[in-house]
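Undergrad: Next up is a structure, given as structure tokens.
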Amino acid sequence: MKNIQLSNTGWEVSNMIMGCMRICQLSKSEAGQLIHTALELGINFFDHADIYGKTECERLFAEAFPMNSDQREKVFIQSKCGIRSGYYDFSKEHILEAVNGILSRLKTSYLDVLLLHRPDALMEPDEIAEAFDHLLLCGKVRAFGVSNFNPMQIELLQRSLPNKLVINQLQFSIAHSLLVDGGIAVNMGIPQSIDRTGSVLDYCRLQNITIQAWSPFQKGFFEGVFLGDKTYAELNVVIDRLAKKYGVTNTAIAVAWITRHPANIQVVLGTTNVQRLRDSCAGSDLALLREEWYEIYKAAGNTIP
Ligand SMILES: NC(=O)c1ccc[n+]([C@@H]2O[C@H](COP(=O)([O-])OP(=O)(O)OC[C@H]3O[C@@H](n4cnc5c(N)ncnc54)[C@H](OP(=O)(O)O)[C@@H]3O)[C@@H](O)[C@H]2O)c1
């Protein structure tokens, strides 16, 4: 397992994250087995959100993995807040209330990282800063980050904060590669050139903000897995050939395509399957050749001008 330094913290964290959005599909013992497999594989970072499983995922995690203080200190637990039913809410009152709920469900006294889940168009940075300040001072959260933010939204929020934001969690996979698309086809008249991200990948590198890639195996917005998908026939031929070359599964190659990027991206794995978790981790430290990375990108239907 490859470890990276989490930006602006000095913490050594695994570049694979166990994403917990789907764990409430599992029984308590299955969830426990998945978590323990993750730990055995060297994963020390777990991603939650207050809304996953309508709060049940956090609850199940704590039941399946009751931690004493020694175990708690060895892992990094992150959760998110700010999405409510039909709207976003970054008010101080909601952030504080959400964190209390998260901590009680996870049965822990602190979160390592709290992310604001999706940008609230009505966000007031000074109010968020007050909430963060309170959470930091009372020891409930150690560090803060965002998710699905563009650079200007980060700038706007950061201006009110005394400490640097450490993470921006964004969707990124071979089949959802908008983070690199615009940069590869700058200033061309093709759809790939349209910058839908505000160059957030380059911005986060410049600001030393760690990117976490969610939905590493999904096409579109939860439209299914691209591995083995006939509409990605050319891509799958390339991936399968490279899997054979490196002696790993296609799952590992999909992960390696993300970890090959020099931004030191953490991959948020959503699998609930123990074997797929093992297969994914084989991509943690697999360094694809530069030409292989581009071949995969092209086979996914993208242009390399
Ligand atoms: N910040 C955000 O806005 C945001 C949004 C969404 C998710 N997230 C985070 O990111 C994590 C990952 O998201 P995700 O679950 O959508 O990502 P994912 O890992 O791309 O997708 C996982 C799903 O794909 C299935 N799958 C993966 N490979 C497969 C294959 N080869 N064949 C068949 N099925 C396969 C898994 O089934 P099995 O369980 O059977 O393996 C599971 O249902 C979440 O847990 C959450 O922590 C964050």
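Mapping to this note's numbering: the sequence shown position 209 is 194, numbers consecutive. From the three backbone atoms N, C-alpha and C, an ideal C-beta is built for every residue, glycine too. What you are looking at is a predicted structure, and each value in this text was computed from that prediction instead of being measured.
Checking 8 Å against the spacing of the C-beta atoms, do L212 and N235 come in under that value?
TA: Result yes, Cβ atoms of L212 and N235 sit closer than 8 Å.
Undergrad: Measuring only from the beta carbon, is F202 closer than 7 Å to any heavy atom that is part of ligand 1?
TA: Yes, since a heavy atom of ligand 1 falls inside the 7 Å radius drawn around the Cβ of F202.
Undergrad: Could you tell me whether the Cβ atoms of V233 and T244 are closer together than 8 Å?
TA: Cβ atoms of V233 and T244: not closer than 8 Å.
Undergrad: At a threshold of 7 Å, does R261 count as lining ligand 1 (C-beta to nearest heavy atom)?
TA: It does: the Cβ of R261 is within 7 Å (strictly closer) of some heavy atom of ligand 1.
Undergrad: Have a look at F50 and E41 and give me their C-alpha separation to the nearest angstrom.
TA: Between F50 and E41, the C-alpha separation is close to 14 Å.
Undergrad: Confirm, please, whether the CB-CB distance from L262 to L19 is below 8 Å.
TA: For L19 and L262, yes; Cβs fall inside 8 Å.
Undergrad: Assuming contact is defined by CB atoms lying nearer than 8 Å, are S265 and V240 in contact in what I supplied?
TA: Contact flag set, yes.
Undergrad: With burial defined as no fewer than 16 other Cβ atoms inside 10 Å of the residue's Cβ, what is the status of S54: buried or exposed?
TA: It is exposed - the Cβ of S54 has fewer than 16 other Cβ atoms within 10 Å.
Undergrad: Do you know offhand how far D180's Cα is from K13's?
TA: Spanning the two alpha carbons is a distance of roughly 43 Å.
Undergrad: CA-CA distance, A237 and D111?
TA: Going by the C-alpha atoms only, they are around 42 Å apart.
Undergrad: From what residue to what residue does the alpha helix (DSSP H) around A34 run?
TA: Careful: A34 lies outside any alpha helix (DSSP H) and carries neither H nor E.
Undergrad: Among L150, Q154, S158, D187, whose alpha-carbon lies nearest the alpha-carbon of G168?
TA: If we check each option's Cα against that of G168, D187 comes out closest.
Undergrad: The alpha helix (DSSP H) with V131 in it runs from where to where?
TA: Segment 126 to 132 is the beta strand (DSSP E) holding V131; no alpha helix (DSSP H) there.
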